[in-house]
Every structure is written in C-alpha cells, then in structure tokens.
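Below is one structure; the comments refer to it alone.
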Amino acid sequence: MFENLTPVQLASIVSIIVSGFIMTIGTIVPTIMEGKIGIKAVEGMARQPEASSQLRMGLIIGMALCETTNIYMLLVVLILLFANPLMAHFVGG
C-alpha cells in the first residue's frame, strides 16, 4: 500500500495522521479537566456560599489555563500541516 509513495508523500500522510491524533487528545483531555474544575468549583460554592466570588475567580483562571492547552495543540497542528519544518529533510533541502 505504501510502497509506491515518495518520502514526501509518506511524510505528508504521517503529518496528517499525527495532526488528527494531536487534536483528538488535545481536545479530549482539556475538556475532561475543565469539567472536573467546574464540578469542584460548584461543589465548593455549594459548601461555602460566602466564598463563591473567590471560587469563581479560581474557576475562571483554571478554565483559562486548561484552554491554553487546546490553543497550543491547534498551533502545533497548523505548523505540522502548513509549515512542516521536517519536510525539508525529505525534500532534500
């Protein structure tokens, strides 16, 4: 199946597959973590309603930190797909 492919074509296929894997893992894990952060924040607000403003601030910061993982994964995928630095090795440059 892959014996007729040039190294450049094979590297492109591998880049596409790896990009899909990165986006899958890079979106599932932060989403699970955001859910856990939200659950713990709501539980804390239910136990201590007077501390809800502080918990809400921690919730927003925690969600933002988890969301940066998605942004970094998207950046890595865009680099792999459109400006692959490893492709020069296969082209011979």
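Anchor point for the sequence shown: position 40 equals 28 in our numbering, and the numbering is continuous, going up by one each time. Virtual Cβ for every residue (Gly too), placed ideally from N, Cα, C.
Any idea what DSSP makes of T12, helix, strand or coil?
In the three-state reduction of the DSSP assignment, T12 falls in the helix class.
Are the beta-carbon atoms of V17 and T57 separated by less than 9 Å?
Taking 9 Å as the Cβ cut-off, V17 and T57 qualify as a contacting pair.
Cβ shell of F78 (< 6 Å), same chain only, five flanking positions each side left out:
So the qualifying residues of the chain are P(-5), V(-4) and A(-1).
Using only the alpha-carbon positions, how far apart do L69 and I4 sit?
So the two alpha carbons sit approximately 7 Å from each other.
How should G8 be labelled, buried or exposed, when 16 other C-beta atoms within 10 angstroms of its C-beta is the threshold for buried?
The residue in question, G8, is exposed, as its Cβ has fewer than 16 Cβ neighbours within 10 Å.
Whole-angstrom distance between R44 and E38, CA atom to CA atom
When rounded, the separation of the alpha-carbon atoms in E38 and R44 is 11 Å.
Is the separation between the beta-carbon of M61 and that of G14 shorter than 9 Å?
Against a cut-off of 9 Å, the Cβ pair of G14 and M61 comes out as a contact.
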